[in-house]
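Colleague: Here you go, one structure.
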């Protein structure tokens with residue numbers, strides 16, 4: 039019965055997720071809402087912010103004050119860009135200011151700092167913990183999550199999203215915070231549950247086909263030996279077996295996390311060759327004034343490309359990227375110049391193919407959320423592999439080898455039915471998904487009803503209590 043219930047929950051919640059996904063705050067929305075930098079206030083050079091060590095560097099403005107955010111492995115450290123002093127956690131007043139400036143609305147209630155709650159359980163947010171939860175005074179019931187460590191707004195939810203997600207992503211992924219906050223426990227639980235469901239679906243399909251073939255041998259014009267609800271379940275199972283098995287199999291693969299397929303992450307040694315140097319060396323002679331060409335940006339990210347330091351300014355408009363060379367030298371890079379520099383740096387790290395693979399890669403870009411304008415380089419080895427690089431910042435994004443390509447088809451394409459020919463017709467795609475979900479839902483419902491009936495039949499009947507013996511009672 040538990041597997042039947044799991045199938046019913048998965049199909050029901052999958053229907054909700056077609057229209058209401060789990061809340062998220064895309065980088066573009068975060069940059070657009072964040073306050074612009076006043077670069078005249080930046081008096082600390084980028085290299086000085088790295089004196090305590092670090093392998094990543096960003097510059098942003100929090101509550102009117104510029105700060106560097108230094109990545110030290112999985113740890114984030116904030117440095118005052120005016121004085122060079124290390125900054126502690128944000129206080130409630132600062133967090134309120136950040137939220138109100140981001141939303142341009144007053145904060146009705148502020149809680150925290152919190153290590154976790156239902157909407158910030160993903161492990162990618164771990165370096166930013168703890169968070170302040172800021173409930174805005176608006177009609178949508180909007181809540182913002184402000185990192186106490188860096189001051190950034192990292193999550194945004196709305197009331198309707200939160201309500202629908204209790205019927206959608208949360209039961210679908212077992213995303214209950216008490217379980218999801220422990221990635222290993224959650225990962226293993228969902229992986230084994232999905233594998234058990236897959237085994238159960240395979241067994242049920244095999245039994246259904248066997249029963250049908252047996253019946254056909256005795257009654258050539260028939261297809262099922264059953265009647266009533268069991269006949270409905272048998273028929274739906276034969277019709278929907280391929281759909282259910284495909285969805286459960288691909289859903290199980292969504293929890294792969296590197297078990298069977300590659301994760302698409304370039305090797306660390308290749309990334310070092312691509313960078314060509316370290317941030318300390320590349321930024322050693324760069325003065326704060328070199329960044330003023332990026333005035334108006336809400337965040338500046340620093341990236342190494344072939345031994346050169348790039349600074350990319352993000353905000354409401356298009357990304358602007360500079361090549362930093364000296365005390366005050368900063369040269370804006372055109373797309374052509376960026377593409378050329380990325381290609382040269384990539385040849386130091388990976389063997390590039392002399393011919394370009396012209397096959398469509400739309401599915402692979404969708405599967406790993408790669409932007410349409412990202413640069414794609416074809417590698418000579420591994421054969422057929424592709425390297426995707428952010429054409430604005432020079433950041434390597436994905437190494438798409440044959441294993442990752444297979445994963446895109448077996449998980450993403452099958453689970454979302456975003457197959458070539460369907461993606462270009464969104465209405466047809468939605469209608470098809472609704473029909474398939476309805477078929478799977480009906481199969482799961484009949485299975486659950488049959489399981490409930492079976493449990494009730496097996497429940498032992500209460501033994502009838504004997505009537506009192508009046509003669510015996512009277513003799514006492």
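Residue numbers (this note's numbering): 39 to 514.
All C-beta atoms, glycine included, are put in the ideal place defined by N, C-alpha and C.
Since this is a predicted model, take the numbers as computed values, not measurements.
(1) Kindly indicate which residue of 182, 155 and 235 has the alpha-carbon position closest to the one of residue 215.
(2) Excluding the 5 residues flanking residue 408 on each side, which residues of the same chain have their C-beta closer than 8 Å to its C-beta?
(3) Under 8 Å between the Cβ atoms of residue 143 and residue 176?
(4) For residue 247, does the three-state DSSP call read helix, strand or coil?
(5) State the start and end residues of the unbroken alpha helix (DSSP H) segment that holds residue 199.
(6) Hey, residue 324 and residue 83 are a contact pair by Cβ (cut 8 Å); roughly how many whole angstroms apart?
(7) Nearest by alpha-carbon distance to residue 166: which of 294, 253, 149 and 186 is it?
(8) Rounded to whole angstroms, what is the Cα-Cα separation between residue 121 and residue 115?
(9) List in chain order: all unbroken alpha helix (DSSP H) runs of 4+ residues lying wholly within the segment 236 to 293.
(10) With a threshold of 6 Å on Cβ separation, who are the neighbours of residue 333 within its own chain once the five nearest residues in sequence on each side are excluded?
(11) DSSP three-state call for residue 434: helix, strand or coil?
(12) If residue 360 sits next to residue 331, beta carbons under 8 Å apart, how far is it from one beta carbon to the other, in whole angstroms?
(13) Is residue 326 buried or exposed, if buried means 16 or more other CB atoms sit within 10 Å of its CB?
(14) Is DSSP giving residue 39 helix, strand or coil here?
(15) For residue 209, name the three-state secondary structure that DSSP assigns.
(16) Quick one: is residue 64 buried, meaning 16 or more other Cβ sit within 10 Å of its Cβ, or exposed?
(17) Of all the options 392, 210, 140 and 57, which has the alpha carbon lying nearest to the alpha carbon of residue 70?
(18) Would the beta-carbon of residue 575 fall within 8 Å of that of residue 98?
(19) Quick check: the Cα distance between residue 432 and residue 358, rounded to an integer number of angstroms?
(20) What whole-angstrom Cβ distance do residue 57 and residue 482 have, given they're in contact under 8 Å?
Modeller: This is what the structure gives:
(1) Numbered from 1 along the chain shown, position 177 holds the residue referred to as residue 215. It is 155 whose Cα lies nearest to the Cα of residue 215.
(2) Locating residue 408 in the chain shown gives position 370, counting from the first residue. Contacts found: 402, 426, 435 and 436.
(3) To locate residue 143, count along the chain shown from 1; it is residue 105. To locate residue 176, count along the chain shown from 1; it is residue 138. Cβ atoms of residue 143 and residue 176: closer than 8 Å.
(4) Position 209 of the chain shown, counting from 1, holds the residue named residue 247. In this structure, residue 247 counts as helix in the three-state DSSP scheme.
(5) Residue mapping note: residue 199 aligns to position 161 of the chain shown, counting from 1. Note, residue 199: alpha helix (DSSP H), 197 to 203.
(6) Here residue 324 refers to the residue found at position 286 of the chain shown. Here residue 83 refers to the residue found at position 45 of the chain shown. That pair is a contact at about 6 Å.
(7) Residue numbering aside, residue 166 sits at position 128 when the chain shown is read from its first letter. When each option's Cα is compared against that of residue 166, the closest is 186.
(8) Position 83 of the chain shown, counted from the start, is the residue given in the question as residue 121. Position 77 of the chain shown, counted from the start, is the residue given in the question as residue 115. Those two C-alpha atoms are separated by around 15 Å.
(9) 266 to 291
(10) In the chain shown, the residue the question calls residue 333 occupies position 295. So the qualifying residues of the chain are 77.
(11) Locating residue 434 in the chain shown gives position 396, where the first residue counts as 1. Note: residue 434 maps to strand in three-state DSSP.
(12) The sequence position of residue 360 within the chain shown is 322, counting from 1. The sequence position of residue 331 within the chain shown is 293, counting from 1. The Cβ separation is near 6 Å, so the contact holds.
(13) On the chain shown, position 288 is the one that residue 326 refers to. Residue 326 is buried by the Cβ-count criterion.
(14) Against the chain shown, residue 39 aligns to sequence position 1. Coil.
(15) Position 171 of the chain shown, counting from 1, holds the residue named residue 209. Of the three classes helix, strand and coil, the one that applies to residue 209 here is helix, per DSSP.
(16) Here residue 64 is taken as the residue at index 26 of the chain shown, counted from 1. Classification of residue 64: exposed, given that the 10 Å Cβ count is below 16.
(17) Residue 70 sits at position 32 when you count from the first residue of the chain shown. Checking every option, the nearest Cα to that of residue 70 belongs to 140.
(18) Since the displayed the chain opens at 39 and closes at 514, residue 575 lies outside it and no answer follows.
(19) Translated into the one-based positions of the chain shown, residue 432 becomes position 394. Translated into the one-based positions of the chain shown, residue 358 becomes position 320. Going from the Cα of residue 432 to the Cα of residue 358 covers about 12 Å.
(20) Reading the chain shown from its first residue, position 19 is the one you call residue 57. Reading the chain shown from its first residue, position 444 is the one you call residue 482. With a Cβ gap of about 20 Å, residue 57 and residue 482 do not count as contacting.
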